[in-house]
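Student: In full-length UniProt numbering, the protein residues as written are 1 to 359. By construction, the Cβ of each residue, glycine as well, lies at the ideal position given by its N, Cα and C atoms. Predicted, not measured: the structure shown is a model, and the values here were computed from it.
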Amino acid sequence: MQAATYHGQKDIRVEEVEEGGVEADEVRIDIDSCGICGSDLHEYTAGPIFVPEDDPHPVSGETAPIRMGHEYSGTIAEVGESVTDLAVGDAVAVNPILYCGECRQCREGNYHICDSVGFIGLSGGSGGFAESAVIDAEHAVPLGEDVPVEHGALVEPLSVGLHAVRRSGLQAGDAVAVFGSGPIGLAVIQCARVAGAGTIFVSEPRDARRERAADCGAAELIDPSTTDPVEYIQSQTDGGADVTFEVAGVEPSFNAAVESTAPGGSTTIVSIWEEEVSTHPNTLVLGERTVTGTLAYLGGPRSDEEYGMVIEMLADGRLDPEPFITDRIGLDEIVANGFDRLIDPESDHVKILVKPDMT
């Protein structure tokens, strides 16, 4: 079958790979859609980061080249003989967390921050930029009858946003500021709105992305190239937002997120970083501000917990995936019309879905 494989920085190839058999505890999925993620872009432009290059990943046992794609959904085409809770024809979203099952974090149920954490489609395994995938059944989370299978590809980024909001401690009515409104920023905005946030501020330099932030529930849109977001947020909130989220992954947005937080408030870092940042600790100390990290979403035997919450909110309309999707392309277009367009600083694209049946 055809799959997109990562060979190294700026080297992604669509090529023939073995489809693979289905073991007793596995399922085969005919892939409907797979989103190109910011993490994929980091691997493309500055990697390998998550992709194992020289030493095999401790869980997958693989090194590059690996099959890419971790935001995907599809329909089950085959089930292993030990799988009893899934059936051929079920529409599913894939939770890609890989974990060792033995470290302290795994023993405590925190599989997503396992000492050897990885992701299907980044650390090995059967990635979603392909015609089909074979995965352990626990990674397949049913979408039910009310969520279109295509929208299942958005469950992963929306779960990132949900987990970040849960980590932040956001309370109903809190003033919220989000720095960056790419796909994960939009997910944070929607999940913050559902959680009962008060006014949501967004700092984003791209016009089109600010417009999408408004579609997702942001009330105050700031262009940081013309307006100082720290001064503006402080002026509109009597001294700062209660909760801020850094979702841009650059030093100015990190410092602005911290500085625009009210004393006693919290900043949650959602970005995956390519470089170190410089900041002054007194900004935290003198205002008793808190900085929290967040990674992904619950996985392993808990794969359906936050995924399930997102699926329920997609089904009843509290979350809307449409503002994310800016194009749909075939697998053979993944580099020229996918990765290269998304890294273009002038691009207005947010989430491009790769659909192998369009090839």
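1. Compare the beta carbon distance of F119 and I135 with 8 Å and say whether it is the shorter of the two.
2. Indicate the three-state DSSP secondary structure (helix, strand or coil) for Q171 in the structure shown.
3. Take every Cβ of the stretch 141-152, pair it with every Cβ of the stretch 305-317, and state whether three or more of those distances are shorter than 8 Å.
4. Please state the DSSP three-state secondary structure of S82.
5. Going by DSSP, what residues sit across from R28 in a beta bridge?
6. Kindly list the residues whose CB is nearer than 7 Å to the CB of E26, restricted to its own chain and excluding five residues on each side of it in sequence; keep chain order.
7. Could you give the residue range of the alpha helix (DSSP H) that holds H42?
8. Is I343 near L122, with beta carbons less than 8 Å apart?
9. Please work out which residues of its chain come closer than 7 Å, Cβ to Cβ, to C100, disregarding the five sequence neighbours upstream and downstream, and give them in chain order.
10. Give the DSSP bridge partners of I120, in chain order.
11. Spell out the partners DSSP gives D11 in its beta bridges.
12. For G35, count neighbouring Cβ atoms within 10 angstroms of its own Cβ and tell me buried if that reaches 16, exposed if not.
13. Just to confirm my understanding: we take T261, look at its own chain, exclude 5 residues before and 5 after, and list those with CB closer than 7 Å. What are they?
14. Kindly give me the distance between the Cβ atoms of I12 and V335, rounded to whole angstroms, as I take these residues to be in contact under 8 Å.
15. Exposed or buried, P345, counting other C-beta atoms within 10 Å across all chains shown (16 or more means buried)?
16. Which parts of the stretch 283-308 are runs of the beta strand (DSSP E), unbroken and 3 residues or longer, counting only runs that do not cross its ends?
17. To the nearest whole angstrom, what separates the beta carbons of A213 and I233, a pair I think is in contact under 8 Å?
18. Can you have a look at E53 and say buried or exposed, based on whether 16 or more other CB atoms are within 10 angstroms of its CB?
19. DSSP three-state label for V250, please.
20. Mapping the DSSP letters down to three states, classify Y99 as helix, strand or coil.
Tutor: This is what the structure gives:
1. no
2. If DSSP states are grouped into helix, strand and coil, Q171 belongs with coil.
3. yes
4. coil
5. E78 and V134
6. G80, V134, I135, D136 and A137
7. For H42, the uninterrupted alpha helix (DSSP H) segment begins and ends at G38 to A46.
8. no
9. P58, V59, C106, C114, D115 and S116
10. G124
11. G8
12. buried
13. For T261, where only same-chain residues beyond five positions count, the Cβ hits under 7 Å are G240, A241, T244, T267 and R289.
14. 6 Å
15. exposed
16. 290-293
17. Contact between A213 and I233 is absent: CB atoms are separated by about 14 Å, not below the 8 Å threshold.
18. Its Cβ having fewer than 16 others within 10 Å, E53 is exposed.
19. The DSSP-derived three-state label of V250 is coil.
20. coil
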